[in-house]
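Colleague: Supplied in structure tokens, the structure appears directly below.
Numbering (my numbering), first residue to last: 446 to 622.
What follows is the structure in structure tokens.
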């Protein structure tokens, strides 16, 4: 009798309004546990995530736990807590909000300087006018173009493709051994 494998963990992070909650809700196969509260400051929306969003997904018999982080700096302690033991990180940035890119880079540096985790940057709102192209975002972040993906966080196919690319990136080093 084989023992069940421990669930894998994927973390979705980024600035406020980048699409983290939508991303988790789009792909989760179970109802998402959301810890939203009324925003106590002007962040451009009424409610915001204060601890994390949690959803689940099963891929080829393997459970994957999805954690969406809060986007505000005052909850940065959650970024590190949630990323501990993560298989991968998806950093979302709203492609029509370049003013948030510096904050997104700070989040990425905060997390990856503490926890070495494979990551992709997802550029959301690709269905909107005047949105940054993923190649330009890759240039801004100083990343290879294949590490930045454009998507609409509410489109299940876009989210699945991003997850597939992250899994390829995560498993690539293992296949060379």
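For glycine and all other residues, C-beta sits at the position ideal for the given N, C-alpha and C. If you're wondering where the values come from, they're calculated on a predicted model, not measured in any experiment.
Give me the Cα-Cα distance between residue 612 and residue 580, rounded to the nearest whole angstrom.
Modeller: If I take the Cα positions, the gap works out to 20 Å.
Colleague: Does the Cβ-Cβ distance between residue 452 and residue 510 come in under 9 Å?
Modeller: It is a contact, given that the beta carbons lie within the stated cut-off.
Colleague: So for residue 538, helix, strand or coil by DSSP?
Modeller: Strand, per DSSP.
Colleague: Need the endpoints of the alpha helix (DSSP H) that residue 584 sits in, please.
Modeller: Taken as a continuous stretch (DSSP letters only), the alpha helix (DSSP H) holding residue 584 covers 579 to 586.
Colleague: Quick check: residue 498 and residue 469, are their CB atoms within less than 9 Å of each other?
Modeller: Against a cut-off of 9 Å, the Cβ pair of residue 469 and residue 498 comes out as a contact.
Colleague: Does the structure place the region 561 to 572 close enough to the region 589 to 599 that three or more beta carbon pairs sit under 8 Å?
Modeller: As far as the Cβ criterion goes, the region 589 to 599 touches the region 561 to 572, which means the pair count is three or higher.
Colleague: Can you look up residue 507 in the DSSP assignment and give me helix, strand or coil?
Modeller: If DSSP states are grouped into helix, strand and coil, residue 507 belongs with the strands.
Colleague: Candidates 541, 549, 507, 575: which alpha carbon is nearest residue 587's?
Modeller: Residue 549 is the option with its Cα nearest to residue 587.
Colleague: On the criterion of 16 or more Cβ atoms from any shown chain inside 10 Å, does residue 448 qualify as buried, or is it exposed?
Modeller: Low confidence applies here, because residue 448 scores a pLDDT of 45, under 50, leaving its location unreliable; read the following figure in that light. Residue 448 comes out exposed.
Colleague: Are the CB atoms of residue 535 and residue 458 nearer to each other than 9 Å?
Modeller: A contact, by the Cβ cut-off of 9 Å.
Colleague: Distance, Cα to Cα, residue 514 vs residue 465?
Modeller: Whole-angstrom Cα-Cα distance: 7 Å.
Colleague: Go ahead and pull the three-state DSSP assignment for residue 498.
Modeller: Correct three-state label for residue 498: strand.
Colleague: Distance check for residue 540 and residue 561, CA to CA, integer angstroms please.
Modeller: If you take the alpha carbons of residue 561 and residue 540, they lie about 25 Å apart.
Colleague: Since residue 442 and residue 460 should fall inside the 8 Å C-beta cutoff, what is the C-beta to C-beta distance between them, to a whole number of angstroms?
Modeller: This structure cannot speak to residue 442, because the chain is shown only from 446 to 622.
Colleague: Can you list, in chain order, the residues of its chain with a C-beta nearer than 6 Å to that of residue 583? Leave out the 5 residues immediately preceding and following it.
Modeller: So the list reads 590, 593, once near-sequence residues are dropped.
Colleague: Can you give me the C-alpha to C-alpha distance between residue 600 and residue 471, rounded to a whole angstrom?
Modeller: Cα-Cα distance, rounded: 7 Å.
Colleague: Quick check on residue 569: does DSSP put it in helix, strand or coil?
Modeller: Correct three-state label for residue 569: strand.
Colleague: Could you tell me if residue 572 is buried or exposed, where buried requires 16 or more neighbouring beta carbons within 10 angstroms of its beta carbon?
Modeller: By the neighbour-count rule (16 or more Cβ atoms within 10 Å), residue 572 is not buried but exposed.
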